[in-house]
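These notes concern the structure reproduced below.
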Amino acid sequence: MTGYPWPIETTRLDNGLRVVVSEDRTAPVVCVNLWYDVGSRHEPTGQTGFAHLFEHLMFEGSQHVAKTEHMRLVQGNGGSLNATTNPDRTNYFETMPAEHLELALWLEADRMGGLVPALTQETLDNQREVVKNERRQRYENVPYGDAWLRLLALLYPEGHPYHHATIGSMEDLNAASLDTFKAFHQQYYAPNNAVLTVAGDASPAEVFALAEKYFGLLEPVSSIPPAPHGHLPGPATQPVRETVTAAVPAPRIYLSHRTHPFGTAGYDAITVLAAVLGNGRGSRLYQRLADGSRIAQPDYIGSYGVDLAHAPAPLIITATAKDGVPVETLEEGLTEVIGSLVTEPVTEEELSRAKALLTTAWWRQVSTVGGRADTLSRYTTQFGDPGAAAYRLPQWLAVTADDVTDAAKYALKPESRVTLTYLPENGDNA
Numbered sequence: 007m008t009g010y011p012w013p014i015e016t017t018r019l020d021n022g023l024r025v026v027v028s029e030d031r032t033a034p035v036v037c038v039n040l041w042y043d044v045g046s047r048h049e050p051t052g053q054t055g056f057a058h059l060f061e062h063l064m065f066e067g068s069q070h071v072a073k074t075e076h077m078r079l080v081q082g083n084g085g086s087l088n089a090t091t092n093p094d095r096t097n098y099f100e101t102m103p104a105e106h107l108e109l110a111l112w113l114e115a116d117r118m119g120g121l122v123p124a125l126t127q128e129t130l131d132n133q134r135e136v137v138k139n140e141r142r143q144r145y146e147n148v149p150y151g152d153a154w155l156r157l158l159a160l161l162y163p164e165g166h167p168y169h170h171a172t173i174g175s176m177e178d179l180n181a182a183s184l185d186t187f188k189a190f191h192q193q194y195y196a197p198n199n200a201v202l203t204v205a206g207d208a209s210p211a212e213v214f215a216l217a218e219k220y221f222g223l224l225e226p227v228s229s230i231p232p233a234p235h236g237h238l239p240g241p242a243t244q245p246v247r248e249t250v251t252a253a254v255p256a257p258r259i260y261l262s263h264r265t266h267p268f269g270t271a272g273y274d275a276i277t278v279l280a281a282v283l284g285n286g287r288g289s290r291l292y293q294r295l296a297d298g299s300r301i302a303q304p305d306y307i308g309s310y311g312v313d314l315a316h317a318p319a320p321l322i323i324t325a326t327a328k329d330g331v332p333v334e335t336l337e338e339g340l341t342e343v344i345g346s347l348v349t350e351p352v353t354e355e356e357l358s359r360a361k362a363l364l365t366t367a368w369w370r371q372v373s374t375v376g377g378r379a380d381t382l383s384r385y386t387t388q389f390g391d392p393g394a395a396a397y398r399l400p401q402w403l404a405v406t407a408d409d410v411t412d413a414a415k416y417a418l419k420p421e422s423r424v425t426l427t428y429l430p431e432n433g434d435n436a
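For the sequence shown, the numbering used here assigns the number 7 to the initial residue and increments by one for each residue that follows.
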């Protein structure tokens, strides 16, 4: 069984831009997707948050596109657009009626090669304030909102490329000059550091010709700084614990472990393990702590991996205490269920259910031209081959019950665990 039945064709322009096309004539729609190989893991000391800030700046005008015009042109022609940043990369994408493919490619090329001449101090200052607001709204003023920021710092040592989150440090963003930001863009936003994928109602010949027309004259960057090495010798050998008293409605626990990098056989087993352990009402966590002992709130319990490719990726397990349940009881329940993955082998029913959930999630992801384009950009950027996407689902389906047990034995040892506990300010910890 293949996980990607659509055609894939590729080329590379003379300036290094990799172009991927997956033609699908089902509907007159295309998605243009660009992955830049720059995320928070590339940010040097003193420049945290830069990759994410550029996610905002890239919509603020370029050499031939006025401020807010990029969004207006896409939406005014029936399209949608967005961008995201994570530790590994930044991506930008538009889904458009197929007749406007050329417009989307021109817009992306203009901001790849023409952002710096249009970047002003006013625009930079404005977007810095937007990011500060985002930090307040998403991380600081939301119950449990800073958990991801805290977990990264606990999971990865100081100096590791995953130690800090993409939102970065407001001090770093405030201290940097306009010229420093321009230099960051010129270092990383280059054709030879990007993958352009088009999925949908367009032929490879058409896309390759348009890519050459609009991106072909952009200059490559001769020496793109590599990210710091993310190698770690294995799981942590000492447990780490942090307790936060904050304005939260109930005690909540996050347990986390470093596992394997995304794309490896070890991480495929962790992906299945996470589904068995904490995906939905049939999972062990739900069955035993929400339905069984009823110590956890049913809406706030689960486990999931964070798919990071350049170092052992984290598995995160979380639960929120029901009213009257001491946080210690909740933690005991969580650790008991985690331990059961070693002492009680995964049943065939659990394994089949987990694989069915993952199968549904995979086909949901690649059922749209947007999801397809992003998937191909990912596998091209991180593994050098868009066709490798076809193997992800079969590799999940090949995971055995013994593989899950082995993954639990390797990655979920108590001595490698990070425990982050939130307690309400009012002292109601039970």
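Think of the CB as a built atom: it goes at the ideal place given N, C-alpha and C, for glycine as much as any other residue.
Within its own chain, the residues whose Cβ lies closer than 6 Å to the Cβ of L184, once the five positions on either side in sequence are excluded, are Q127, L130, listed in chain order. The continuous beta strand (DSSP E) containing D305 extends over residues 302 to 311. In this structure, the straight-line span from the alpha carbon of I14 to that of R378 is close to 11 Å.
The DSSP assignment places complete alpha helix (DSSP H) segments of no fewer than 4 residues inside the segment 144 to 185 at 153 to 161, 176 to 181, in order along the chain. Scanning its chain for C-beta atoms nearer than 6 Å, with the 5 sequence neighbours on each side dropped, one finds around G236 the residues P167, H316, A317, in chain order. By the neighbour-count criterion, in which 16 or more other beta carbons inside 10 Å mark a residue as buried, T387 falls on the buried side. Per DSSP, reduced to three states, the secondary structure at R117 is helical.
Residue pairing by DSSP puts R18 in a beta bridge opposite R24. Residue pairing by DSSP places V246 opposite V424 in a beta bridge.
A distance below 8 Å separates the beta carbons of V35 and A104. At a Cβ-Cβ threshold of 8 Å, H106 and G120 do not count as neighbours. In this structure, F99 lies near N88, with their beta-carbon atoms less than 8 Å apart. Secondary structure note for N139: its alpha helix (DSSP H) is the uninterrupted segment 127 to 141. Shown here, R287 sits in coil according to DSSP, grouped into three states, outside any helix or strand.
For S86, the pairing in a beta bridge is given by DSSP as T101. W368: member of the alpha helix (DSSP H) spanning 354 to 372, first to last residue.
The three-state secondary structure of T251, taken from DSSP, is strand. Secondary structure of L429 (DSSP, three-state): strand.
Beta-carbon to beta-carbon, G284 and G308 are separated by about 4 Å, close enough to satisfy the 8 Å threshold. For G206, no alpha helix (DSSP H) segment is defined; the enclosing uninterrupted segment is the beta strand (DSSP E) at 200 to 206. With at least 16 other beta carbons inside 10 angstroms of its own, K328 counts as buried.
Scanning L157, E114, V137, T341 for the CA closest to the CA of K419 turns up T341. The residues D207, in chain order, have a CB closer than 7 Å to that of R31 in the same chain once the five nearest residues on each side in sequence are set aside.
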